[in-house]
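Visitor: Quick one: structure below, then a few questions.
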Amino acid sequence: MNFLTCIECNNTYPLSDPIWRCSCGGLLDIEFEAAFPIKKIAERKPTMWRYREAIPIVEDKNIITFDEGFTPLIPVAFNERSVLVKQDHVFASGSYKDRGATVLISKIKELGISHVIEDSSGNAGCAIAMYCAKANITCDIYVPAKTSPGKLAQIEHYGANVDRIMGSREDCAKAALSAAAGHYYASHSWNPFFFHGTKTFAFEICEQLNWEAPDTVILPVGNGTLLLGAYIGFSELVLAGVIEKIPKLIGVQSTNCAPLYKTIKSDLPEVSRIDPKPTIAEGIAIAEPVRGKQIIKAVKESGGDILVVNDSEIQNSLLSMEKNGFYIEPTSAATTAGVNKYLENRNRNDDDDDELIVSVFTGSGLKYKKMFRKKNND
Ligand SMILES: *Cc1c(COP(=O)(O)O)cnc(C)c1O
Ligand SMILES: [Zn+2]
61 MNFLTCIECN NTYPLSDPIW RCSCGGLLDI EFEAAFPIKK IAERKPTMWR
111 YREAIPIVED KNIITFDEGF TPLIPVAFNE RSVLVKQDHV FASGSYKDRG
161 ATVLISKIKE LGISHVIEDS SGNAGCAIAM YCAKANITCD IYVPAKTSPG
211 KLAQIEHYGA NVDRIMGSRE DCAKAALSAA AGHYYASHSW NPFFFHGTKT
261 FAFEICEQLN WEAPDTVILP VGNGTLLLGA YIGFSELVLA GVIEKIPKLI
311 GVQSTNCAPL YKTIKSDLPE VSRIDPKPTI AEGIAIAEPV RGKQIIKAVK
361 ESGGDILVVN DSEIQNSLLS MEKNGFYIEP TSAATTAGVN KYLENRNRND
411 DDDDELIVSV FTGSGLKYKK MFRKKNND
C-alpha cells in the first residue's frame, strides 16, 4: 500500500529501501495512505507527531523529536486587514525546516544510516544538523560561502561538518549531489520524507480551524519544501474526507530570483531558466528548483498563483513585522510582503472579505546580522 514512486518512470520501491532517488535518476514521491483519528489526535501532546498515523515512520522508537510543531496560529495586522499567521519561526532550530528534518532524520535512523549529506543556504542545514546531533548521525552540510554567519555558526555548534562552497547556490547543490553519490542524501529538496514532515503544516492549520480548510494560504516558494508539503498535507486531508478541498496556494518569490513566477506567467511547459540577481531573501533564492514542475502543478491545481516582491518591499514589511513583535528574517518577510501584495491586488478586483487567509512566519530573525535601516529614515 505504502511505497516510494518515481515521478519520471513510475518505478516503485518499498519505503524501507535506503534510496533517495530512482535508479533512472528521477525524483521520488511517497504513496502513503494517511489516517486522521480526530478524537485520538485531540488527546495527544501538542506537537506535530500527534498526526502519528499520517507520518510514514514505522516504529516509534526511531522517532527523533524535540516535541516540535503545533505552532500558534494567530491574527496579525496587515494594513487594514487581519490575517492568520502560523508562528513557524519559533521552532527549536529557528525555522519551519524542523518539520521536515524530524521526519527525515527519524526515517534515516529507521534505515540504519549513520552518515548523511545535505546542502542548504542555511536553515535546512541548521535543522538537519540539529536532528543529526540528537540521533548521533554524522552529517556533512554544504553551504554557499556567503551564507549568513549566524546560520553557519549554528550548524557548526551542532557538530556538523560544514563545507563552504564558492559560487552560486546551484554550485553548492551540485557539490553536494556529487558527494551524495557515495552517501545518503538528506536533501530537503530531493528527499521525499522531508515533505512528509512539512505537510504537518497543513494538518495543524486545519485542526486549529476546527478541521476546516482556509480559503487561501500564502507561503514562500524557492525549492517549495513548505508549499509542496502544504499541498501534500491538504491533499491527504481531502482524500481522508476531513476537508472538502485544497485551499488556493499562493507562492511568493523574490523578483530577483523568480523562475517559477516566470514559468507560470508565460505558461511554459518547463521551468524557465533565469539569470538570478542577489536578494535579501536568501532562503528562497533558488534559481533551479528541482521540484519546479511539481510546484507549478500544485499551485495551478489549487487555483492559486505565484507572485513576486522586491527587496524594498521585503525590507518595509520586515521592519513593520518587527515593530509588531515578530522578529523574523528577511526571507520570511518576503512572504509577509507577499501577503500585502495579495491583499492589494485582491482589493482592486473584488471585495469578498469572507476569504479566510492563512500565512506563515517561516524563520527567526535572530540569525540575521546585517543592518539595513538608515538612521535618517525616521
Ligand atoms: C527554507 C525557507 C523558505 C523557503 O523554502 P523553500 O523550500 O526553498 O521553498 C522560506 N523561509 C525560510 C526562513 C526558509 O528557511
Ligand atoms: Zn525512475
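Residues 61 to 438 in this note's numbering are what the sequence shown lists, from first letter to last. All C-beta atoms, glycine included, are put in the ideal place defined by N, C-alpha and C.
1. In this structure, what does DSSP give as the bridge partners for residue 311?
2. Work out the CA separation of residue 311 and residue 378 for me, nearest whole Å.
3. Rounded to a whole number of angstroms, what is the C-alpha to C-alpha distance between residue 82 and residue 64?
4. Below 7 Å, is the gap between the Cβ of residue 68 and the nearest heavy atom of ligand 2?
5. Rounded to whole angstroms, what is the Cα-Cα separation between residue 324 and residue 121?
6. To the nearest angstrom, report how far apart residue 431 and residue 388 are at their CA atoms.
7. Of all the options 79, 230 and 69, which has the alpha carbon lying nearest to the alpha carbon of residue 241?
8. Measuring only the C-alpha atoms, how far is residue 108 from residue 128?
9. Which same chain residues, not among the five before or five after residue 214, have their C-beta less than 6 Å away from its C-beta?
10. Quick one: does the C-beta of residue 204 sit closer than 7 Å to a heavy atom of ligand 1?
11. Could you give the first and the last residue of the continuous alpha helix (DSSP H) run that contains residue 248?
12. Specify whether the segment 170–185 and the segment 245–257 touch according to this definition: at least 3 beta carbon pairs, one from each stretch, less than 8 Å apart.
13. Quick one: is the Cβ of residue 283 within less than 7 Å of any heavy atom of ligand 1?
14. Please say whether residue 232 and residue 202 have beta carbons closer to each other than 8 Å?
15. Run through DSSP, which three-state label would residue 396 get?
16. May I have a chain-ordered list of the beta strand (DSSP E) segments no shorter than 3 residues that lie completely inside the segment 116–200?
17. Please report the straight-line C-alpha distance between residue 234 and residue 385, rounded to a whole angstrom.
18. Quick one: is the Cβ of residue 183 within less than 7 Å of any heavy atom of ligand 1?
19. Measure the C-alpha to C-alpha separation of residue 76 and residue 171 and round it to an integer number of angstroms.
20. By DSSP's criteria, residue 421 is part of a beta bridge. Which residues make up the other side?
21. Using the Cβ count rule (16 or more neighbours within 10 Å means buried), how would you classify residue 118?
22. Can you look up residue 436 in the DSSP assignment and give me helix, strand or coil?
23. Hey, is the segment 295–303 in contact with the segment 338–351, meaning 3+ C-beta pairs nearer than 8 Å?
24. Quick one: grab the DSSP three-state call for residue 203.
25. Using a 10 Å radius around the Cβ and a threshold of 16 neighbouring Cβ atoms, would you call residue 99 buried or exposed?
26. Comparing C-alpha positions only, which one of 153, 270 and 96 sits nearest to residue 216?
27. The alpha helix (DSSP H) spanning residue 376 covers which residue range?
28. Rank 287, 315, 229 and 319 by C-alpha distance to the C-alpha of residue 309 and give the top, closest one.
29. DSSP state of residue 334, grouped into three classes?
30. Would residue 381 be called buried (16 or more neighbouring beta carbons within 10 Å of its own) or exposed?
31. Ignore the nearest five residues each way along the sequence and tell me which others in residue 315's own chain have a CB closer than 7 Å to its CB.
32. In or out: residue 478 buried (at least 16 other Cβ within 10 Å) or exposed?
33. What are the start and end residues of the beta strand (DSSP E) that includes residue 2?
34. I'd like to confirm the pairing. Which residues does DSSP put opposite residue 74 in its beta bridges?
35. When the distance is taken between beta carbons, is residue 415 closer than 8 Å to residue 258?
36. Tell me which residues share the same chain as residue 95 and place their Cβ nearer than 8 Å to its Cβ, disregarding the 5 neighbours each side in the sequence.
Guide: For this structure:
1. Beta bridge pairing from DSSP links residue 311 with 279 and 366.
2. Taking the straight line from one Cα to the other gives about 18 Å.
3. Take the alpha-carbon of residue 82 and the one of residue 64: they are about 9 Å apart.
4. With a cut-off of 7 Å, the C-beta of residue 68 is classified as near ligand 2, since at least one heavy atom of the ligand falls inside that distance.
5. Rounded to whole angstroms, residue 324 to residue 121 spans 43 Å at the Cα level.
6. Distance between the alpha carbons of residue 431 and residue 388 is about 13 Å.
7. Between residue 241 and the set 79, 230 and 69, the nearest pair of CA atoms involves 79.
8. If I take the Cα positions, the gap works out to 6 Å.
9. Only 186 meet the Cβ criterion.
10. No, ligand 1 has no heavy atom inside 7 Å of this Cβ.
11. Run containing residue 248: none; DSSP gives neither H nor E here.
12. The segment 170–185, when compared against the segment 245–257, does touch it at the 8 Å Cβ threshold.
13. Yes, the Cβ of residue 283 comes within 7 Å of a heavy atom of ligand 1.
14. Between residue 202 and residue 232, the C-beta spacing is below 8 Å.
15. Residue 396 falls in the helix class under three-state DSSP.
16. Runs of the beta strand (DSSP E) inside the segment 116–200: 133–138, 141–147 and 175–179.
17. Rounded to the nearest angstrom, the two C-alpha atoms are 39 Å apart.
18. Result yes, Cβ under 7 Å from ligand 1.
19. The C-alpha of residue 171 is placed about 7 Å away from the C-alpha of residue 76.
20. For residue 421, which the question treats as bridged, DSSP gives the partners 147.
21. That one is exposed.
22. At residue 436 the pLDDT is 48, less than 50, meaning the model places this residue with poor confidence and gives no usable figure here.
23. Contact between the segment 295–303 and the segment 338–351 is absent, because fewer than three Cβ pairs lie under 8 Å.
24. Here residue 203 sits in strand by DSSP.
25. Exposed.
26. Checked all of 153, 270 and 96; the closest Cα to residue 216 is 153.
27. Boundaries of the alpha helix (DSSP H) around residue 376: 371–383.
28. Selected option, being the one with the closest Cα: 287.
29. Under the three-state reduction of DSSP, residue 334 is assigned to coil, being neither helix nor strand.
30. Burial call: buried.
31. Answer for residue 315: 368, 369 and 370, listed in chain order.
32. For residue 478 there is no data in the structure shown, the boundaries of the chain being 61 and 438.
33. What is shown of the chain runs 61 to 438, which leaves residue 2 out entirely.
34. Per the DSSP secondary-structure output, residue 74 pairs in a beta bridge with 63.
35. No, these two residues do not count as a Cβ contact at 8 Å.
36. Excluding sequence neighbours, residue 95 sits near 113, 114 and 300.
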